[in-house]
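Participant:
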Amino acid sequence: KSSLKPIRCKAAVCRKAGEPLVMEEILVAPPQPFEVRIRIICTALCHSDITFWKLQVPPACFPRILGHEAIGVVESVGENVTEVVVGDTVLPTFMADCGDCVDCKSPKSNLCSRLPFKVSPWMPRYENSSRFTDLNGNTLFHFLNVSSFSEYTVLDVAHVVKIDSSIPPSRACLLSCGVSTGVGAAWKTAQVEQGSTVVIFGLGSIGLAVAEGARLCGASRIIGVDINPTKFEVGQKFGITEFVNSMTCENKRLSEVINEMTGGGADYCFECVGSSSLVQEAYACCRKGWGKTITLGVDKPGSEICLNSSDVLHNGKTLIGSLFGGLKAKSHIPLLLKRYMSKELELDKFVTHEMKFEDINDAFQLLLDGRCIRCVLWM
Ligand code: CXF
Ligand code: ZN
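To convert, note that position 222 of the sequence shown is 318 in my numbering; the numbers rise steadily by one, no gaps.
Here is the structure:
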């Protein structure tokens, strides 16, 4: 294993915030102990890639290899790796599942404490350690423990899930981030029951994936909220039953409109935009006594949610955040893939575009303009 050599390959490097990615030859170092080096088969774009591509303030750092929703094949393994072997098909995940810490052992959490989630530019297990260099010998930073905008990347073994190689890669890769996050939020974080009323604020990919999850859980009303009226047509394909255009609520608050529609509030509200004022609205229209509000959106660093303390005391509602849909990557992703293979979970409708990795900047533009749900890039 010590004979492993760096691999020279193509990567799309983000050299400066908001500027087109640069296709370059880079060097990918061999995996260290507990790491695997994988060849990416395909990668999709997730909105978090855009968020960190645009970001000018810390935790911004460049040059960086973005990308975190992907599928790959194990090319080599470092010492102490027994879970996967060369040739295995794997999904990378931005959240770790070490399987060994108190939190991984508890069915109540997906927040690994051996490798806790943080937005770091390095490999997770080793301090200030990168596996990427450019051809001038300069360090390239990692992103969300994955960095899939490269033909090869290195991941900690706690961040890969072995999957069945017969599943179409352009569909399976969606479970590496976005679809898992949304479906998981309905299934695991909220635990939506048959007959529930669900409201989804924001009908981007995550909101649509929540709708798919809510549909699978048997929700009977799925109310979609967006500022863009064309999202209703899209939403209908994902099981949205009613639509509220939050731009045309006249002089009513959005929560008032939803409270009227639902006769006192929804069972579950999902915030999929990343706006703390929208979280307040969502909380205000989940039902007293049992309503749950789930946040998935990422707001600006440092933003706070303001709730009235008597409102909180008097109404018995739950407010909870959901990272990766509350899913434990290694045990729950295979279950979702089974449900795809049995045609219950519909992944195909999320893939609106497929193109070559070389055209990644066009794909960024599609997502920026809201013209795609998922764009899959083939290496
Ligand atoms: C996000 C979740 C919140 C922090 C940044 C990354 N996950 C994936 O897109
Ligand atoms: Zn993502």
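Even for Gly, the Cβ is constructed at its ideal location relative to N, Cα and C.
In this text the structure is predicted, and so the values were computed from the model without any measurement.
1) Can you give the Cα-Cα distance for Leu236 and Phe228, rounded to whole angstroms?
2) Pull up the DSSP beta-bridge partners for Asn341, would you.
3) Quick one: residues with CB closer than 5 angstroms to any heavy atom of the ligand ZN, in chain order, please.
4) Alpha carbon to alpha carbon, how far is Ser209 from Cys194?
5) Under 8 angstroms, do Phe334 and Lys439 count as touching if we go by C-beta distance?
6) I'd like to know whether the C-beta atoms of Gly421 and Lys284 end up nearer to each other than 8 angstroms.
7) Cα-Cα, which of Ser405, Gly412, Lys396 is closest to Thr389?
8) Note the first and the last residue of the continuous alpha helix (DSSP H) segment covering Glu356.
9) Is Leu419 near the ligand CXF - that is, is its Cβ less than 7 angstroms away from at least one heavy atom of it?
10) What do you get for Pro154, buried or exposed, if any count of 16 or more other CB atoms within 10 angstroms of its CB means buried?
11) In the structure shown, what three-state DSSP assignment does Met191 receive?
12) Assuming Thr277 is part of the alpha helix (DSSP H), what are its boundary residues?
13) Do Ser244 and the ligand NAD come close, with the Cβ less than 7 angstroms from some heavy atom?
14) Look at the alpha carbon of Lys396 and the alpha carbon of Cys110, and state the distance between them as a whole number of angstroms.
15) Mind checking whether the beta-carbon of Leu240 lies closer than 7 angstroms to any heavy atom of the ligand CXF?
16) For a test of the three-state rule: what should DSSP assign to Ser427, helix, strand or coil?
17) Can you give me the C-alpha to C-alpha distance between Ile136 and Ile354, rounded to a whole angstrom?
Facilitator: According to the structure data:
1) Numbered from 1 along the sequence shown, position 140 holds the residue referred to as residue 236. Numbered from 1 along the sequence shown, position 132 holds the residue referred to as residue 228. In a straight line, the C-alpha of Leu236 is about 5 angstroms away from that of Phe228.
2) Here residue 341 corresponds to residue number 245 of the sequence shown, with the count starting at 1. In DSSP, Asn341 forms a bridge with Asp322.
3) Cys142, Ser144, Cys273
4) In the sequence shown, the residue the question calls residue 209 occupies position 113. In the sequence shown, the residue the question calls residue 194 occupies position 98. Pairing Ser209 with Cys194, the inter-Cα distance amounts to about 8 angstroms.
5) Walking along the sequence shown from the start, residue 334 turns up at place 238. Walking along the sequence shown from the start, residue 439 turns up at place 343. Not a contact, by the Cβ cut-off of 8 angstroms.
6) To locate residue 421, count along the sequence shown from 1; it is residue 325. To locate residue 284, count along the sequence shown from 1; it is residue 188. Going by C-beta atoms, Gly421 is nearer than 8 angstroms to Lys284.
7) Position 293 of the sequence shown, counted from the start, is the residue given in the question as residue 389. Of the listed residues, the one whose Cα sits closest to Thr389 is Gly412.
8) By 1-based counting over the sequence shown, the position of residue 356 is 260. Note, Glu356: alpha helix (DSSP H), 350-357.
9) Locating residue 419 in the sequence shown gives position 323, where the first residue counts as 1. Answer for Leu419: yes, Cβ within range of the ligand CXF.
10) Taking the first residue of the sequence shown as 1, we reach residue 154 at position 58. Classification for Pro154: exposed.
11) Residue mapping note: residue 191 aligns to position 95 of the sequence shown, counting from 1. Here Met191 sits in coil by DSSP.
12) On the sequence shown, position 181 is the one that residue 277 refers to. Looking at the DSSP string, the run of the alpha helix (DSSP H) that includes Thr277 is 274-280.
13) Absent from the structure shown: the ligand NAD. Ligands present: the ligand CXF and the ligand ZN.
14) As a working note, residue 396 is residue 300 in the sequence shown. As a working note, residue 110 is residue 14 in the sequence shown. Roughly 21 angstroms between the two C-alpha positions.
15) One-based indexing of the sequence shown puts residue 240 at position 144. Yes.
16) On the sequence shown, residue 427 is found 331 positions in, with the first residue counted as 1. In the structure shown, Ser427 sits in a helix (DSSP, three-state: H, G or I).
17) Counting from one through the sequence shown, the residue named residue 136 turns up at place 40. Counting from one through the sequence shown, the residue named residue 354 turns up at place 258. Their Cα atoms are separated by approximately 44 angstroms.
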